[in-house]
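The opening residue of the sequence shown carries number 1 in UniProt numbering; numbering runs sequentially from there.
No residue lacks a Cβ here, since even glycine has one placed at the ideal position from N, Cα and C.
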Amino acid sequence: MVSRDHFSKLSSEIVDERIHAATSLIKELTNENNQQEWEYALTRLIKGLITTRQTAKLGFSMALTEVVNQLVSQKQLTIDQYLDRLTEVTQVKSNMKGKEERAVLFGRLFGLQVLLNSKIILQSKEEELLRFINVLVELSNTKSWIREVATASLIQVIRNLPERYAASLLLMILQKVNDLGLNLSTEGLAIYLSIDPLLRSDVAAQIKNSKSNWKEGDPMRKGNLPVLAKVLKDVEVIVEETDGKELDTKKKQQKSSWSSRLPFVWDLIVENFANKLSGDEYTEEHDADNERKRKKVEKSNTKSKNKSKSKGKSASNDKAQPEMITLKEFYKVVVDETLFAEKSSHERKYWGFEIFMKFMNALELNLELNLELNLELEAGPGLDVAFLFTPNFMRCLINQSSHKSRLLHESAKRALQSIVQNCTMKSKGIASTVLKCLLDESKGGCWNFDLVTRSNTVDRILDIQNHNFLPTLLEKFDIALREQTTIPDGDKYSNDNVLKWCLDKIVHLIKRNQHGDDLEDVFTMLVKLSFFETTASPNIRKLAQEKLNVILAEVVLRTHDKELWAYFCFQQIVALDKSHKCLVEFDDELLQVRDETITLIQTTHDLEKERESSAGGTLKMFELLFSMCFLQLHQEDEEIVQIINELKLVFEKQFVLVAEVEPDNEIDPAVVMTEILLSFISRQVNLLKRLSMIIWENYLCGEDAQGKLRINDASFQLLLDVLIAKENKEGQKLLFENENEHVAEGSDEEESEDDEGEGDSDLLKDGNADDEEDDSEEEEEEDSEDENNANSTMTELDKETNLKLAKALGIPTAESGEVKFDELSDSDSSNDDYESDSMNDDEMMAMDDQLSKIFKERQDILNNVTTGNKRKIEVMEAKKLMVFFKNRVLDLLEVFCRKHPNSQYNLTFIEPIITLMNLTLDKNLGVKAHKLLKNRISKTKINPDQVDDIAEFSQKIISLIEKLQLQASTTKSSNQSVISGINQSCIILSKNLVALDPNYIDAVADIYSQSLKKWTLDPESRIQPSLFFDFVNWISSKKKNKQ
């Protein structure tokens, strides 16, 4: 006997328990195979469908599906018998309450769905299928709240109808819908849309006693658009005949209340538009497939009387495709002007957002179909998606997403998220079109869309890979530039914010490499804005120059048609200069320099083509330098003229006039180029830093035709002088104001002072604290001196101002500048004319101008007085500049060490780096210097074959080890980074010294022995034990390697 507990478990709230109960029930019924048990189970399950518990309906219908399937397959039950039982059990009685009636009607629907789920009904006879459809249609007309779900089941039947009697059943279904007056309802629309588009008109034409219906029997024909809008809005539709009389229609039952869930008819509408392969045209393959289906239906439609005429009509339709409603027309009328209208309710706008997201998600199917048929993307999704961004929708989207208090804020946020997700999908090519719509003001968009919606939608779209958004941003920039309002004598125009935003986003794309290989339009636009007369404001012109430098820094080594982008910009300037007015004013001298630079660039370019194999790379560097200098010349750089002249000398010496250079005028190209690079890196411009690194790595750190390094000792000394300079105004003045004298005289002085011994304070640093104390004492003395000077100046200024004011007002004063109040009071009391005297308007204005002039002169003098606060600012700026400068020099040295890891020059960097670490007060700079020493210089392994004079070089290394250990004896123990640097440096130098000649191990041991002896005997020695530990560890590992 089958357990009855399974039936109670079928109504469980737990899904797994329901599934287990249904499985166990079917298994026991199959094993028992008793007619009475099958009969009991069938009756019990059908009655269980009318329960008010939703979970019970699900469990009982699941088990009933299997039971009915088994009984029908065993021929113990027919479709008619099952329908009779179901109709009898689910009969609505007059005394039922609303809840009970609802349970019974939904129970019948679940019972009908059982036949659909088991696929039995689709394999039955035509009469059985006809009865099933009648019961389902009648059920849909009982109550408005069950109509939609019953129609959904009916559509499931329509889409799976057997072809042999599809036509007759489709006609019967449409006839029933017509008789019930549901043609112009959302359910009727869904039924029509579920029928093949080529069959709708033919089947609808056979309806008898047709009531208000769709024109030509197809809701998607163009004439039905107004009615379609009303139907989807779910309002009563009144259709007029051609003579203007209204047709009598039965008012259909209205739905009881609004639901947040969209009617399922929208899924069919979205599917209808998504299935169109390209715009609103069908491909030949699609037409052929539908035609085959249509012919099969026509052959089975024995009730058709004019078969030949129908064929002729369809043939003519094949030639002239009927006009269908396009997505643009549909969305504008039905969605934008209805759901997103200004006076629409929040409920309708909510539906509008849901529909928008459905269409966005459906575009993927459209694109994939286009890709399969090799159709152009621009003809498919790119155009379709633009129709979704209508003005009313954009207004509503912006308003609702702008603040959390908005009723539809969450819906708007989900719509924005849907936009980004669909744009991000790799299979979709809609990102550029969507971006254009969001920025298009004619569609309700705006340039600051992210700001007004408080989102990052546009930024996230711009971050999508493999999309070229530059054309969209350039178009937006061009429109804003043309439509802006100019302000006479103003630096800022009406659309400057828009233009600035576009420029910022263009730079953002290029920095992220989100652009095509072609940047011609970007550079042409920036060059024109930066240097020539346009409608842009002075503010945008200055900004364009900055963006031009930023972009060039990113693509400085990239080529376009085998030409550098800097050279392309040069060509654009020369070309535009012939047709546009240049805003840069050149005097005669600058004009001559400009012409010479143009000649040099052209000469370099020509030589590069001639010597492409031999010196092409070097010439490319000069072409880059001259092109960049040409751009800086147009940006009115004060130092660029001198740099161009120096570059010209180097270029002519190397490529043009090598044989004609006189010995007296001999220049050192490496020194000149190094000075130029120092000039570049001293300025906080990223383009010049990038340019300096490129020239340093590819030219100065490279080798000449003889295989020798271009850089030399003098060039390195220029860099090392920067590292050992003080980080204050004195160091700044030494490097930037008297650089030439410092380079010529400073090195000699240092060399002579090095021989004086241990008393030299420049070599024997007493730690950072001592330097800081010396600097603070000097600053205090300068502060007090400046304060005294300032007080003296203020006293004199006050006297002078008092005299001028007294003279202007006619007040008696002493020679010291003090006002004689006694004389002023006596004259006031005795002079009646003075009391009664008054000035007219002209005299008052003259007096006012005179007083204003006096106070302005006083303020100008005050501005030039160096006060304590002003001096502190200058000191901070000088320190900041020096730290910045040293960081750039360390970058250059790091590049050299990376490119030449075993060069003997690497060891010459050690002493200046240790000095820098001991001198600097900037922690990050000290760490960076230590990393260079530890990670790069420490790996240097000098090849003896590359050293010209091993004895001389070895002696320099020995002297340097002695200096470092001498410096270690005076370095405070608190300065651990310097101590560690000295210890490492001594080991590095010792390793390389022994590598040159193993006999030098004795000299190294002697140096360490002397230091150990001094550390032992001298109580004031500050040498740390780690110095000797490192040496012992190195010797120990060396001995082990020998073994």
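Asked: Nonlocal neighbours in the same chain, by C-beta distance under 7 Å from PHE586, ignoring five residues either side; Found: ARG594
Asked: Under the three-state DSSP convention, the category GLU703 falls into; Found: strand
Asked: Straight-line gap, SER401 to SER455 (C-alpha atoms, nearest Å); Found: 8 Å
Asked: LEU145 versus LEU122, ALA103, ARG159, residue with shortest Cα-Cα distance; Found: Leu is not the amino acid found at residue 145; the sequence shown has Trp there. Ranking the options by Cα distance to TRP145, first place goes to ALA103.
Asked: Euclidean distance between Cα positions of VAL452 and LEU363; Found: 27 Å
Asked: DSSP-derived helix/strand/coil call for ARG18; Found: helix
Asked: Backbone CA spacing between LEU509 and PHE449 [nearest angstrom]; Found: 18 Å
Asked: Limits of the unbroken alpha helix (DSSP H) element including SER94; Found: Unbroken run through SER94: none, as it is neither H nor E.
Asked: Where MET172 sits in the DSSP three-state scheme; Found: helix
Asked: N-terminal and C-terminal residue of the alpha helix (DSSP H) that SER418 is part of; Found: 409-424
Asked: Which of helix, strand or coil DSSP assigns to ARG460; Found: helix
Asked: Close Cβ partners of LEU180 (< 6 Å) along its chain, the five nearest in sequence each way excluded; Found: ASN141
Asked: Alpha helix (DSSP H) runs wholly inside the stretch 424-508, at least 4 long, in chain order; Found: 431-439, 449-453, 457-462, 470-483
Asked: Which of helix, strand or coil DSSP assigns to THR970; Found: coil
Asked: Environment of LEU182 [buried if 16+ CB atoms lie within 10 Å]; Found: buried
Asked: Close Cβ partners of ILE961 (< 6 Å) along its chain, the five nearest in sequence each way excluded; Found: CYS986, LEU989, ILE1007
Asked: Sheet register partners of ARG406 (DSSP bridge); Found: Bridge partners of ARG406: none, in fact.
Asked: Where GLY223 falls, given that 16 or more other Cβ within 10 Å makes a residue buried; Found: exposed
Asked: ALA929 versus ASN645: straight-line alpha-carbon distance, rounded; Found: 34 Å
Asked: Whether VAL498 touches VAL434 by CB criterion (8 Å); Found: no
Asked: MET220, DSSP secondary structure in three states; Found: coil
Asked: Pick from LEU439, ILE461, HIS346, CYS423 that is closest to SER411, judged by C-alpha positions; Found: HIS346
Asked: Span separating the alpha-carbon of LEU83 from that of ASN361; Found: 40 Å
Asked: Inter-residue Cα distance where the pair is ASP521 and VAL507; Found: 13 Å
Asked: Contact belief for TRP351 with LEU416 at Cβ below 8 Å, rounded distance in angstroms; Found: At roughly 18 Å, the Cβ-Cβ gap does not stay under 8 Å, so TRP351 and LEU416 are not in contact.
Asked: CA-to-CA distance, LEU907 to ARG936, given in whole angstroms; Found: 11 Å
Asked: The stretch 951-965 / the stretch 873-889 touching (three or more Cβ pairs under 8 Å); Found: no
Asked: Option in THR535, THR457, GLU638, VAL978 with minimal Cα separation from VAL927; Found: VAL978
Asked: Reduced DSSP secondary structure (H/G/I, E/B, other) of PHE7; Found: helix
Asked: Nearest-angstrom Cα separation, counted from THR326 out to GLY279; Found: Below a pLDDT of 50, predicted positions are generally treated as unreliable, and GLY279, at 40, falls in that range; no measurement from the model is reported.
Asked: Strand pairing of GLU563, partner residues [DSSP]; Found: HIS560
Asked: Residue interval of the alpha helix (DSSP H) (run including LEU933); Found: Careful: LEU933 lies outside any alpha helix (DSSP H) and carries neither H nor E.
Asked: Backbone secondary structure at LEU709 - three-state DSSP; Found: strand
Asked: Of the listed residues PHE393, LEU996, ILE1023, LEU677, nearest to LYS963 (C-alpha basis); Found: ILE1023
Asked: Secondary structure of PHE885, DSSP reduced to three states; Found: helix
Asked: Alpha carbon of PRO322 to alpha carbon of GLN74, nearest angstrom; Found: 50 Å
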